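Everything in the first sequence is counted per numbering that gives the first Met the number 0, starting at 0 for the first residue and increasing by one.
So the structure is just underneath, and the comments pick up after that.
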Amino acid sequence: MPELPEVEVVRLGLADHVLKRTIDTVVVEHPRAVRRHIEGGADFAARLAGRSITAARRRGKYLWLELDDESEAVLTHLGMSGQMLIAGPERPVDKHRRVRVRFADDGPELWFVDQRTFGGLSVHPLVPIAGGELLPEPVAHIARDPMDPAFDLDAAVAGIRRRRTGIKRAILDQTVVSGIGNIYADEALWRSRLHWARPTETITRKQGRELLTAATEVMNEALAVGGTSFDALYVNVNGASGYFDRSLDAYGQVDRPCRRCGTPIQRDAFMNRSSFSCPRCQPRPRNAHP
DNA sequence: CGGGAAGCCTGGGCGC
DNA sequence: TGCGCCCAGGCTTCCC
C-alpha cells in the first residue's frame, strides 16, 4: 500500500516524465476520483487545460504537481490503490482508469488508475505555512515527514509523547509525523523492540528517537528498492512493482519465525485492521493502551 | 478540545 | 460452481 517510500517513487517518476509539459485536455472518467475538488469534475478539467507543470512535490503521503503560475497545484492522494501511470500508446486501457491527462506535445499521457477509489485528484491554491513554504491547502496541517530536510526529530518525539494513546496510533497520526502507514509502523516498532500498544507516556525520549530513526531507515531502504508491493495495486509510473516485501520483518509475517529470535510473529487486531509483532522481542506491556 | 471508531470502496480468498 | 462473508487500510466525519 502506498506509504511514504511508494509515494516518493511515484513523485520521482512524475518528475522524470511530466515536468515542463503543458496539459492539453483532462478527461474525468469517474466522478469519485475528483470528489475532493469541490467545484466538480468539469471545473477540474477546465482549470488544468493549457497549464504547464513546474514541479513535483511531496509531503508524507500527499503528492502534488505545481502549475505554471505557481499559485495552484494538482494534489494527489493515492489512498489504498491509486496509481499514477505514464501511458504511451502501447499501454492497454485499464478498467479502473479514473482520470486521463493528455499533453500538448502528444507524448505519453498521465493516467490516474484506482481500483478502490480511496484516492483522488483536486486542484488547490498554494498557501504559505510558517517559514514561507508553499503547500496545497489540505496539506497545510500535515506534519513534516522524516525525509524532509527540515524534519525536526526532537519535535516529532515531543509530539508523540504529548499524545495520550498507544505508540502505534501516535506514529500513524499524520499531524504528528507524516508518511508512516501500517507497514512501516510495524517494521519500525519491530526494529525498536516496542509493542504497538505501549502507552505514549511510557516512551522515553531516547526510545522515541530510536523509533523514528528506525522508521526513517526502513523507509529509506524501501525507497532504494522501489517500495513495497504485495500485489499489482502498488506500482511505479511505468507499472513496475517494488521489492521491499521480501525484506519485511514483521508486517504480514504471521507464523513466520522472527528474524532475531525465531519466535513466530503474531497478528493482533488493531483499529479494525492488523498489527504484526514478535511476542518475545516486543512483549505486550501490562498497562497496554487499547 | 482530543481520542476513538464508523464509513467509504473493490476484488481476492475462503468456507460452505 | 457460486454465493456470502471477511479482509486489505488512509483518511474524513461523527460522536463522546
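Even for Gly, the Cβ is constructed at its ideal location relative to N, Cα and C.
Model, not experiment: these values are computed from the prediction.
Within the segment 58–135, the complete beta strand (DSSP E) segments of 3 residues or longer fall at 61–66, 71–76, 81–86, 96–102, 108–113, 119–127, 133–135, listed in chain order. Take the alpha-carbon of residue 58 and the one of residue 131: they are about 15 Å apart.
A distance below 6 Å between beta-carbons, with the five flanking residues on each side excluded, links residue 150 to the following residues of its chain, in chain order: 143. Taking C-beta separations shorter than 8 Å and ignoring five residues to either side along the sequence, the partners of residue 284 in its chain run 194, 196, 197, 198, 201, following chain order. Distance check between residue 38 and each of 111, 120, 177 places 120 closest, using alpha-carbon atoms only. In the three-state reduction of the DSSP assignment, residue 148 falls in the coil class. DSSP links residue 275 through a beta bridge to 266.
Between residue 22 and residue 55, the gap from beta carbon to beta carbon reaches 8 Å or more.
Apart from sequence neighbours up to five positions away, the residues of its chain that approach residue 97 with a beta-carbon distance below 6 Å are 28, 29, 32, 111, 113, ordered along the chain. By the Cβ neighbour-count rule, residue 177 is buried, with 16 or more other Cβ atoms within 10 Å of its own. Straight through space, the alpha carbons of residue 101 and residue 141 are spaced by roughly 31 Å. In this structure residue 218 is in contact with residue 145, their Cβ atoms being roughly 7 Å apart against a cut-off of 8 Å. Residues of the same chain with a CB within less than 7 Å of the CB of residue 242, apart from the 5 flanking positions on each side, are 224, 225 in chain order. Comparing alpha-carbon positions, the option among 287, 136, 76, 248 lying closest to residue 261 turns out to be 248.
Within its own chain, the residues whose Cβ lies closer than 7 Å to the Cβ of residue 34, once the five positions on either side in sequence are excluded, are 119, listed in chain order. The three-state reading of DSSP puts residue 15 in helix, counting H, G and I together.
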